[in-house]
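Inspection log for the structure reproduced underneath, given as structure tokens.
Chains as they are written, first to last, in my numbering: chain A, 646 to 958; chain B, 2 to 101; chain C, 41 to 227; chain D, 567 to 977.
So, in structure tokens, the structure goes:
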């Protein structure tokens, strides 16, 4: 890990944040347009919303709250973007892999677990009942999605026989993993939406808790959290490309372009999911996740393992 | 980075954890002390593996330590809940009568 | 060079945050200080080419500490604000004992003539670990899994105040269990 | 200067407005929301999220104090406007726009608020002369100093425990009773005057911190005249006490369109609390169009029916709202749950908008406030919010019910 060559390190420092920010803006613009259309106004009027909101939040003051644990609060808020960037590091874009970590899948999972801490700290730090409830809701939700997510990530690893993301992408030159691991892919996609506290899994920031973890945030603090949510969606979409969608494989365009296109499409699906479902309440999700989803993923793993064993022998 | 240095750090971690375990009154804080000690054990085991005998077998020991930590945590939490439920307390001192 | 700097950084962070666990006044900070300590140790473990195990340490321990923080807050009832607290006993003797233990361990670490390295590290530690636990050390894993399963069951039995007779009635004849909180399957 | 002004102008394309509804006139609040949305602005959830505090209706002293505490939690740039009648809304929005653009006075105000917070100088309330054309209707407080104690810009933490749910003092582990005037010099108090928690057994028999949280009257998607003083274990309500605030005189009888708008608004609140914001936005869009006279009402009606079908067909919504009903009724598994009530509300709304009499469930639950309070005991916050939102449109003591009035018209 410590011996990255200089150039990829430099590239990853510059390119990864820029790419994530651009895609996050794209997602936010799409969401703004869809919201405007839902309200009965022209969709184009919502496209600039993320830029306007950024300007507004940069102009707004931050808050100093009595009795708050500002250190944990701010770590929780700023950490979301960082965790998203660290997740993107292991995604191979064309021939470039920003950080060639041999256990890339475990890396992604470890960064995902950091979100348990970050979202909870964000909820806890503000010293507000609604914010705290939001933080606890995220933990309840995480307990429901994390185990299925781990099993879902195991699927491609078994299929490729490696924990290295580059090799997992390379192992799909015949058949994309999404084709014979549909359950794992769906569980993965749902988990991405869940760890980004988005759409149907936005209960930690729900209206019933007065926007939960977001309730006391203002100014730049709010900006980094909102950006962090979109960045997490971007990271989840980007990581799905080498895991399930064949990496950079595709006709005509170069590999890096295909990675971007696939990421953007999946990102669009995630953003659109907000329209399709109401919130899935964490207390009801838990039972379904443990009683239904975990066995389903395990069956999926069994199928993958058998197929992989037959394929290799 | 030498074996001695890593072991020194592990020793420091272990003593800090030992202090926590001995001095804390609250069950969960005692558990945190134990965690710090196990943390030191992991570090020392990894160092010994790398500097003395980097064979594949050695890695298994680390997995065992990690598994031991999870067992410790799960049972610790369960015990803390039982103690809390039955005595409305989370202090080790209030459970001294449980000693044989 | 870089490796040495990183090692010192991680080492100092690991020990400093472990100390912070018992020095801070806030339960949440104590839990997450321990998480930082684990992350630093995980990083050192990755430095000795044990990528998989290092990352697993980070993954498991951060998760554990997130739960730990909830338990700490639940049982100790703290404000997020920094609250001076002293919930210790035998402080002086504990310090003394720990210092002695540290002295002994440190002396051992420095003074013992450690043997030279035997064998060479595998080129791919992850693959070698996988091969090991699926062949020569399989028995170890086979022992750990029932232990973990037994832990899950016994911890739940200990912690759960309501048995099936509470839920389904004395004759176990309730179709829908009576729970304080309804689950997602509508049972 | 040029850049900051450009930034301010750009940011003002989407100012966030916290709309506070004084008890008694929900139609004014609905029109205010419509006005804000038409402006391209957004409706804020919490004071931290807001640039503009828009007070709708006439507040009595107690409610006014609650609004003041809310105002103290907002951060610069900020402006407070009030509107007593629908005709004044555009002027109020306009005032807010000008005040937000005035960078110099915003900066001065921020400094003044900070200074007031540090207690060096007791800042007063500086009233800017009202607009002559709208006497008394819209007033603008360009500078509203904070109360002058505490070392933060967050005076409510040292002031009175608030009525609104967003007040800090009533939050985390506050074992205070909800009277007034508890200051930081109380006996068992921690830093910043936040009292230590007191434990109580929760429903699982574990001793937990009891938090005291007041739900209402200023809370998103919450009836403006209802206050629930709750004791929480985690997010489970273990005790609740209700109060209905005195409402201002009910204005003239509602027109059919207004009644339809109220019904749609009630449904939108349930949908929003169920976490389906895009559909709630769409419902509010229909509601606002219904009140716009020039639009073709047949198309509005068709849009409402499309949304109604969509809500009716959502299995996830049914799954998540099923069984949400007062906890006492849950024991008998009797009475309609939140999902059935939402569909009935929508059915009435479709009827009202389409000009035909609506029909709903045979017996409508009319709850009194104390019944509502005991209904939410044992529920978690999400369930309680859904229960309140789905039951209150059917009538609450001391208020003209919306839906039963519909029933009366269809004979």
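We treat Cβ as the ideally placed atom computed from N, Cα and C, and that holds for glycine. Quick caveat, the model's predicted, so the values are computed rather than measured.
Residue 596 of chain D counts as buried, since at least 16 other C-beta atoms from the protein chains shown sit within 10 angstroms of its C-beta. With a cutoff of 9 Å on beta-carbon distance, residue 857 of chain A and residue 851 of chain A are scored as near each other. Under DSSP, the beta-bridge partners assigned to residue 622 of chain D are D:587, D:649. Within chain C, the C-beta atoms nearer than 8 Å to that of residue 37 of chain B come from 58, 61, 74, 77, in chain order.
Residue 143 of chain C sits exposed, since fewer than 16 C-beta atoms from the chains shown fall within 10 Å of its C-beta. In the DSSP assignment, residue 809 of chain D forms a beta bridge with D:793. At least 9 Å separates the beta-carbon of residue 580 of chain D from that of residue 686 of chain A. Taken in chain order, the complete alpha helix (DSSP H) segments of 4 or more residues contained in the segment 895-932 of chain A are 900-921.
Residue state for residue 946 of chain D is assigned as strand, using DSSP reduced to three classes.
If you draw a straight line from the Cα of residue 645 of chain D to the Cα of residue 684 of chain A, it is about 26 Å long.
By the C-beta criterion, the segment 658-675 of chain D is judged to be in contact with the segment 567-574 of chain D, since at least 3 inter-stretch pairs fall below 8 Å. Residue state for residue 799 of chain D is assigned as strand, using DSSP reduced to three classes.
Less than 9 Å divides the Cβ of residue 647 of chain D from the Cβ of residue 659 of chain D. Per DSSP, residue 177 of chain C is not a residue of any alpha helix (DSSP H), being assigned neither H nor E. Its chain contains 39, 42, 43, 46 as the residues whose beta carbon lies nearer than 7 Å to that of residue 66 of chain B, once the 5 sequence neighbours on both sides are disregarded; these appear in chain order. Of the residues assessed, residue 916 of chain A falls on the buried side of the cut-off, its CB having 16 or more other CB atoms within 10 angstroms. When the Cα atoms are used, residue 221 of chain C and residue 614 of chain D turn out to be separated by approximately 32 Å. Looking from the CA of residue 47 of chain C, the closest CA among C:171, C:196, C:79 belongs to C:79. Within the same chain, Cβ atoms closer than 7 Å to the Cβ of residue 838 of chain A are found at 844, 845, 846, 915, 918, the five residues on either side in sequence being excluded.
Of all residues in the segment 930-956 of chain D, those with a C-beta nearer than 8 Å to a C-beta of chain C are 944, 946, reading in chain order.
Residue-level contact check: residue 885 of chain D touches chain C, since one or more beta carbons of chain C fall below 9 Å from its beta carbon.
Fully enclosed beta strand (DSSP E) runs of no fewer than 3 residues are not present anywhere in the segment 721-794 of chain A. Counting only residues of its own chain and dropping the five nearest sequence neighbours on each side, residue 68 of chain C has a CB closer than 6 Å to the CB of 109. Among the residues of chain B, those whose CB is under 8 Å from the CB of residue 70 of chain C are 30, 33, following chain order.
The Cβ-Cβ distance between residue 923 of chain A and residue 845 of chain D falls below 9 Å.
In terms of Cβ geometry, residue 48 of chain B and residue 88 of chain C form a close pair [threshold 9 Å]. Scanning C:103, C:191, C:156, C:99 for the CA closest to the CA of residue 71 of chain C turns up C:103.
In the three-state scheme derived from DSSP, where H, G and I count as helix and E and B as strand, residue 664 of chain D is classed as helix. Residue contact with chain C for residue 889 of chain D: present (Cβ-Cβ distance below 9 Å to some residue of chain C). For residue 159 of chain C, the chain B residues whose C-beta falls within less than 8 Å of its own C-beta are 54, 55, 56, listed in chain order. Non-local beta-carbon contacts of residue 787 of chain A in its own chain, meaning distances under 6 Å to residues more than five positions away in sequence, involve 761 in chain order. Residue 198 of chain C places its beta carbon less than 9 Å from that of residue 82 of chain B. Listed along chain B are 6, 7, 10, each with a C-beta nearer than 8 Å to that of residue 51 of chain C. Residue ranges of uninterrupted alpha helix (DSSP H) with 4 or more members, entirely inside the segment 98-175 of chain C and ordered along the chain, are 131-151, 165-173. In the DSSP assignment, residue 856 of chain D falls within the unbroken alpha helix (DSSP H) covering 843-856.
A direct Cα-Cα distance of roughly 26 Å separates residue 50 of chain B from residue 806 of chain A.
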